[in-house]
Amino acid sequence: MGATWLRAAAVDLRAGRLRGPRLEIRTPSPSTPETVTWEIGRLVAEVAAATSSTLAAPLGIGVPTPVVGGRTMTAANIDHAWIGYHAVERISASLGRPVTVVNDADAAGVAEMRFGAGAGHRGVAMIVTLGTGIGTALFVEGRLVPNLELGHLELGGEDAEHRAAASAKSRRQLGWTAWAADLDAYLRHLDRLIWPDLFILGGGISRQAEKFIPLLTVRAPVVPARLRNDAGIIGAALVAAERT
Numbered sequence: 163m164g165a166t167w168l169r170a171a172a173v174d175l176r177a178g179r180l181r182g183p184r185l186e187i188r189t190p191s192p193s194t195p196e197t198v199t200w201e202i203g204r205l206v207a208e209v210a211a212a213t214s215s216t217l218a219a220p221l222g223i224g225v226p227t228p229v230v231g232g233r234t235m236t237a238a239n240i241d242h243a244w245i246g247y248h249a250v251e252r253i254s255a256s257l258g259r260p261v262t263v264v265n266d267a268d269a270a271g272v273a274e275m276r277f278g279a280g281a282g283h284r285g286v287a288m289i290v291t292l293g294t295g296i297g298t299a300l301f302v303e304g305r306l307v308p309n310l311e312l313g314h315l316e317l318g319g320e321d322a323e324h325r326a327a328a329s330a331k332s333r334r335q336l337g338w339t340a341w342a343a344d345l346d347a348y349l350r351h352l353d354r355l356i357w358p359d360l361f362i363l364g365g366g367i368s369r370q371a372e373k374f375i376p377l378l379t380v381r382a383p384v385v386p387a388r389l390r391n392d393a394g395i396i397g398a399a400l401v402a403a404e405r406t
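According to the working numbering, the residues represented by the sequence shown are 163 to 406, in order.
What follows is the structure, given as structure tokens:
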């Protein structure tokens, strides 16, 4: 679940890739829990039909908010009804099956660290997802530190995601050099806070990494995500399988 798109697919957990087509629809507006849950149920049924998957398979949902005790805690880019919402309990009840709900950047990070650009990396790695907003996931010696919301750090007097997210590039009509300067300032801020050994940049814009990563001057190495927009789906499925 994102602020702009809902995406769903069946996942090959052993290979770390999608098993069949990725289906997507626009996130409904307003993006209340009830309307989003209804659309998720429809997408899951369509995925199951397209891939001959069983509806009893583990179902993971990545959401753009910290998840604590099954509750979604914030709502920066989605309807405020998600704040404090008992997501696991209520979505499970609505869909009639157990679900796992995880922060979307954490889900993407799990996938990248297991099957993508972070596979085999030890030390401190930070995944930064660039989309409508900015998601962050931190891994220390391969272990996730969950629910970091570092896209809301202040940069130039406003939330960093308002300046450095992929959506900020198009909204502000910036070229690659100007946008990369803001992204670089944000990454250098993270670098001084966390001192990671590696940054992995994800989101759809990572497909064009050659246009902006060479412009970055941050101390730590920066690489594009390998799983790109599939990472969140794959990671949510991995987390769901481990918790089921």
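Backbone N, C-alpha and C fix where the C-beta goes; we use that ideal spot for every residue, glycine too.
- Between the segment 381-390 and the segment 272-288 there are three or more C-beta pairs closer than 8 Å, enough to call the two in contact.
- Taking 8 Å as the cut-off, the Cβ atoms of A326 and I240 do not count as close.
- Within the DSSP secondary-structure output, G297 pairs in a beta bridge with T291.
- DSSP assignment within the segment 305-364 yields the following whole beta strand (DSSP E) runs of 3 residues or more, N-terminal first: 305-307 and 360-364.
- Judged by pairs of C-beta atoms under 8 Å, the segment 179-197 touches the segment 209-219, as three or more such pairs exist.
- If you look at W244, you'll find it isn't in any beta strand (DSSP E); DSSP assigns it neither H nor E.
- Using a 10 angstroms sphere on the CB of I356, the tally of other CB atoms reaches 16 or more, which defines it as buried.
- Comparing alpha carbon positions, the residue from I253, D268 and A267 closest to V261 is I253.
- The beta carbon of W244 sits closer than 7 Å to the beta carbons of P195, T227, T234 and A237 from its chain, once the five residues preceding and following it are set aside; these are given in chain order.
- Taking C-beta atoms under 8 Å as the contact rule, M163 and I223 qualify, at a distance of about 6 Å.
- Around the beta carbon of A270, 16 or more other beta carbons lie within 10 angstroms, which makes this residue buried.
- The continuous beta strand (DSSP E) containing L185 extends over residues L185 to R188.
- Note that the C-beta distance between I395 and V173 is below 8 Å.
- Counting the other CB atoms within 10 Å of its CB gives D392 a total of 16 or more, which places it among the buried residues.
- Here D359 is exposed, its C-beta having fewer than 16 other C-beta atoms within 10 Å.
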